[in-house]
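Let me begin by presenting the structure, written as structure tokens, before commenting on it.
In this note's numbering, the protein residues as written are 40 to 220.
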């Protein structure tokens, strides 16, 4: 993938994650008790993506930016979930299940199907528990697309890293084959 395409995809996925995480923080059923902290978290997340738009596109192919960015995003999203949901176990379990699915997936399309099924199943569970029609139904409803968006986010990251490692391995194999010949 070209650097420009990678930069666009990463920024677009991050904007989507920022919007959904910000909505969860501001309108989640936990109703954040420390509004200053929640606003600071949203501002840092927004500012981080604005700053990334000014970085050269070739930096997005550098693992020294890519890995810390993944860790930063995972930390921000997890902390945002904490602020919004006050450690609701089922939501955290689904979030980390998404990360596990993404890390073992070999096919992005299949991962998206699994993410869609997971989102629908989780939506069905929320509905069967009566949470989608409750007073805080909108905060529960947002969890469903959140699952799918995070699946796309982590799936893209894992697929990109896997592709890069395969390319590096292929180049290394070619070098050693040339030396051996």
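Glycine included, every Cβ here is placed at the ideal spot set by N, Cα and C. This structure is a prediction, so every number in the text was calculated from the model and none was measured.
For residue 173, three-class secondary structure by DSSP: The answer is coil: DSSP assigns residue 173 none of H, G, I, E or B.
Quick one: what does DSSP say residue 77 is sitting in, helix, strand or coil? helix
Same chain, Cβ closer than 6 Å to residue 196, neighbours up to 5 away in sequence not counted: 109
Once you ignore the five residues that flank residue 181 on each side, which residues in its own chain have a CB closer than 7 Å to its CB? 59, 62, 63
At least three beta-carbon pairs within less than 8 Å, the segment 138-155 to the segment 76-95: no
Among the residues of its own chain, which have a CB less than 7 Å from the CB of residue 50, if the five just before and after it don't count? 88, 91, 92
Candidates 183, 146, 152: closest to residue 164 by CA position: Among 183, 146, 152, the Cα nearest to that of residue 164 is on 183.
Buried versus exposed call for residue 191 [16 or more other C-beta atoms within 10 Å across all chains shown]: In this structure residue 191 is buried. Its beta-carbon is surrounded by 16 or more other beta-carbon atoms within 10 angstroms.
Rounded straight-line distance, which links the Cα of residue 85 to that of residue 54: Those two C-alpha atoms are separated by around 8 Å.
Am I right that residue 189 and residue 134 are in contact with their C-beta atoms under 8 Å? What's the rounded C-beta distance? Indeed, because the Cβ distance is near 7 Å, the residues count as touching under 8 Å.
Going by other Cβ atoms of all chains shown within 10 Å of its Cβ, with 16 needed for buried, is residue 159 buried or exposed? exposed
Cα-Cα separation, residue 99 to residue 209: 21 Å
Closest residue to residue 97 among 215, 173, 213, 46 (Cα-Cα distance): 46
Straight-line gap, residue 105 to residue 52 (C-alpha atoms, nearest Å): In this structure, the CA atom of residue 105 is about 14 Å from the CA atom of residue 52.
If you compare alpha carbons, which of 74, 194, 174 is closest to residue 122? 74
Compute the Euclidean distance between the alpha carbons of residue 112 and residue 176, then round it to the nearest angstrom. Rounded to the nearest whole angstrom, the C-alpha separation of residue 112 and residue 176 is 26 Å.
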